[in-house]
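Scroll down for the structure; my scribbles are underneath it.
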Amino acid sequence: MSLAAAQSATSRPTWLALDKLGVLIALIALAGAALPFALFRANRIVLGEPRSLLDALPSFPAALLIGILLVGFAVALLRLPIIAKLVAGFAVLATLFVVIGWSAGYLTPEGDTFARVSPGAGFWLLVFAFALLVTDALTRLRLAPLARIAILLAVIAAATLLLWSGSWNDLSLLKEYSTRAPAFWAEARTHLALAFGSVAIAAVVGMPLGILCYKVRPVRAAVLNVLNIVQTIPSIALFGLLIAPLAWVAANVPGASAAGISGIGAAPAMVALFAYSLLPIVSNTVVGLLGVPPAAVDAAKGMGMTGRQRMVGIELPLAFPVILTGIRIVLVQNIGLATIAALIGGGGFGVFVFQGIGQTAMDLVLLGAIPTVALAFAAAVVLDALVEMTSRGVRRP
Amino acid sequence: MTIGNLLRVLAFAILVLLLVNPDLFSGFFGLFARDTQPAIYNQGNLLDITINHLGIVLAATLASTIIAVGLAIIVTRPFGAEFLPLSRSLANVGQTFPPVAVLALAVPMLGFGTAPTLVALFLYGLLPIFENTLTGLTNLPPAVTDAAKGVGMTGWQRLVKIELPLALPVILAGIRLSTVISLATATIGSTVAARTLGEVIIAGLTTGNTAFVLQGGLIVGVLAVLIYDALSALERTLMLRTGQLGRASA
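Protein chains in written order, with my numbering: chain B, 24 to 420; chain S, 25 to 274.
This is the structure in structure tokens:
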């Protein structure tokens, strides 16, 4: 990589003032500006009628959006400082998100409760183009972990403000939400409990299991092989296969059904997610412990630390960043996988995704998919930052 | 090793037998079905469904391989170096998208059936292959690439004769990962009416017939293990040939 980077730095012609990535972003954004900005539907499930950017907005916001888009184009295309690109990217995205709510209010006929307005392909392409600009700028800035978390919090605050202000209330997505708000929050709680609960249990079980695998070689091969095979079972099958044994447990073990264990519902989903989480946590614990420098262990031995003291005081803290990486992988994966739990009555955001597929109501699918992706993304950002902070702490002498 | 191979041959034989003549196993699967329920999936031929499942996975993985390797080559050339940081971040962000969401969101554009499943598997399969190809192409021993330059090879010659062959085992590891993920993820495609083994599992879930769930799950699981092992063996052979066993791993 260093070779390629060095080459490009020396051989880049100075007259080339256009940013290559900017050209790509501008092309995507141009396509986005040409495609329908919003879709209007007379009711929830009929096919959408496309509305172009100019038709979808009153003249003032349309002019505002076009003006800001043009500035965004220019900033993306030219070789300007990264921070300028970041600010322009965020500005365009914020405008797009505010304006789409405006468009929904404008396109919905007065008093018509059946009409639905949702973002069109053009809106999504514009968002994608400028999200690329923002992502590239953030990557190039190489921000410190805390700064990344701060930006995430700012974005969450902005999104909350947007939703709370009610400016999106005319969008179809929010109409789907308002008709099932209590269910949404109940499923959200279930989803969080499934994803975070299974990872927490897997961490509690997986780390000691990893330590055992590290200490006893024959156990290592056996455990890792079994866990590897578990990973190959398709999630919907694993969820389904757990129904029968858990139903049996609920019926035959005293107190099990009182504890909430049953054949269908959250219990098999929890067990399946737990099973998928074990491999990354166990194998990362083993890899992390194997990577502890022998000198550190020897020094601890020399100081007369017992095996237990060494494990708790030296080896585990040094292996922690790698273990945390395993937890990050599993958490992001389980937030996504928990959507499948809905297939076996386990709840979670998947309920809306599958209902939406069943009713061909895409806004309902989005109502389940957007929070899932947002949660997974936020979890990835936070845990990546934590991994970086802990591994810095370890490297410090 | 020989015991392992024996088990693999045995698993393969049982799998073929189950697909060709499922009724042989009705006694076994009958244990998991209730009395009135059929033990063997009866709404389609298991062999046809499995072949369709494999076909979808193969097509999607081939497409992901071509695009992912192509993109990784572009961003590691001087021309595309500007795209390298972004492409790394995108690969990272992409992994936070759950397959169900990708699948569901592909439906409005492509309708129900095989098409959205192909697209979801293609997109989801890109990431492991792209990441591994990038790792393979950027972690080449500098001595080798310098020597290739020293003997006057052009950029294209270096890529085709040196860089790609050396990176091949790591790329293959990515393809293997992608294939195994796709094999399992393809089952979810049946929620949007693609003809995959998920159909069998979902039929079992909706009628409360564990025998169906077990059949679908077992076939996919055994296929995944066998394909995983076959591709691992291929990687080892390639690594032995290029003399880098123990250097690359993924």
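The beta carbon of each residue, even a glycine, is placed where N, CA and C say it ideally should be.
Keep in mind the model is a prediction, meaning the values are calculated, not measured.
Three-state class that DSSP yields for residue i in the structure shown
i	result
Val140 (chain B)	strand
Glu133 (chain B)	coil
Phe120 (chain B)	helix
Arg58 (chain S)	coil
Leu276 (chain S)	Not covered by the structure: residue 276 (chain S). The range shown for chain S is 25 to 274.
Val239 (chain B)	coil
Asn76 (chain S)	helix
Val345 (chain B)	helix
Gln67 (chain S)	coil
Val44 (chain S)	helix
Ser273 (chain S)	Bear in mind that the predicted position of Ser273 (chain S) carries a pLDDT of just 42, short of 50, making it unreliable; the figure below should be weighed with that in mind. Reduced to three states, the DSSP call for Ser273 (chain S) is coil.
Asn357 (chain B)	helix
Val253 (chain B)	helix
Ala402 (chain B)	helix
Leu221 (chain S)	coil
Ala279 (chain B)	coil
Ala384 (chain B)	coil
Thr120 (chain S)	coil
Leu156 (chain B)	helix
Thr100 (chain S)	helix
Thr329 (chain B)	coil
Thr162 (chain B)	helix
Pro81 (chain B)	coil
Leu265 (chain B)	coil
Arg67 (chain B)	coil
Phe146 (chain B)	helix
Gly369 (chain B)	coil
Thr215 (chain S)	helix
Thr266 (chain S)	coil
Residue-level contact to chain B via CB, residue i, 8 Å cutoff
i	result
Ile226 (chain S)	yes
Ala274 (chain S)	Only weak support is given to the placement of Ala274 (chain S): the predicted model assigns it a pLDDT of 39, under 50, and the value that follows is read from those uncertain coordinates. So no, Ala274 (chain S) is outside the interface.
Leu129 (chain S)	yes
Thr266 (chain S)	no
Ile38 (chain S)	no
Thr261 (chain S)	no
Thr178 (chain S)	no
Val124 (chain S)	yes
Phe49 (chain S)	no
Which residues DSSP lists as bridging residue i, in chain order
i	result
Leu41 (chain B)	B:Leu101
Pro73 (chain B)	B:Leu62
Leu194 (chain B)	B:Val140
Chain S within 8 Å of residue i, Cβ atoms only
i	result
Gly263 (chain B)	yes
Ser31 (chain B)	Because the pLDDT of Ser31 (chain B) is 49, which lies under 50, any placement of that residue in the model is unreliable, and the question is left without a value.
Leu39 (chain B)	For Leu39 (chain B), the predicted structure reports a pLDDT of 49, less than 50, and the residue's modelled location is therefore unreliable. The matter cannot be settled from this model.
Val178 (chain B)	no
Phe137 (chain B)	no
Ala267 (chain B)	yes
Leu175 (chain B)	no
Met385 (chain B)	yes
Val140 (chain B)	no
Ile51 (chain B)	no
Ala212 (chain B)	A small fix is needed here, since residue 212 (chain B) is Arg in this sequence, not Ala. Not an interface residue.
Lys43 (chain B)	yes
Ile304 (chain B)	no
Gly143 (chain B)	no
Residue i CB to nearest heavy atom of the ligand ZN below 7 Å
i	result
Thr60 (chain S)	Of ligands this structure carries none, so the ligand ZN is not represented either.
Check each residue of the region 333–367 of chain B: if its Cβ is closer than 8 Å to any Cβ of chain S, include it; give the result in chain order.
Val355, Ile358, Gly359, Leu360, Thr362, Ile363, Leu366, Ile367
Enumerate, from N- to C-terminal direction, the unbroken alpha helix (DSSP H) stretches of 4 or more residues contained entirely within the region 122–206 of chain S.
123–134, 138–162, 166–174
Selection of the region 144–161 of chain S by Cβ proximity to chain B, strictly under 9 Å:
Leu158, Leu161
Residues of the region 245–260 of chain B with a CB closer than 7 Å to any CB of chain S: list them in chain order, please.
Ile252, Thr255, Ile256, Pro257, Ser258, Ile259, Ala260
List, from N- to C-terminal side, the alpha helix (DSSP H) runs of 4 residues or more that fit wholly inside the region 286–315 of chain B.
289–313
With 8 Å as the C-beta to C-beta threshold (strictly closer), list the residues of the region 56–89 of chain S near chain B in chain order.
Phe56
Counting only Cβ-Cβ distances shorter than 7 Å, please list the residues of the region 387–411 of chain B near chain S, keeping chain order.
Val388, Ala392, Thr395, Val396, Ala399, Phe400, Ala403
Mind listing, in chain order, the continuous beta strand (DSSP E) runs of no fewer than 3 residues lying wholly within the region 166–230 of chain B?
none
Which residues, in order along the region 76–110 of chain B, keep a beta-carbon less than 7 Å from a beta-carbon of chain S?
none
Against chain B, which members of the region 96–114 of chain S pass a CB distance test of less than 9 Å?
Val99, Thr100, Arg101, Pro102, Phe103, Gly104, Ala105, Glu106, Phe107, Leu108, Pro109, Leu110, Arg112, Ser113, Leu114
Along the region 205–217 of chain S, what residues have a CB closer than 7 Å to any CB found in chain B?
Ala208, Thr211, Ile212, Thr215, Val216
Looking at chain B, which residues of the region 247–260 of chain S have a Cβ within less than 8 Å of any of its Cβ atoms?
Ala248, Val249, Tyr252
Contact list for the region 159–172 of chain B against chain S, Cβ threshold 8 Å
Asp159, Leu161, Thr162, Arg163
Using a Cβ cut-off of 7 Å, which residues of the region 182–205 of chain S contact any Cβ in chain B, in chain order?
Val204
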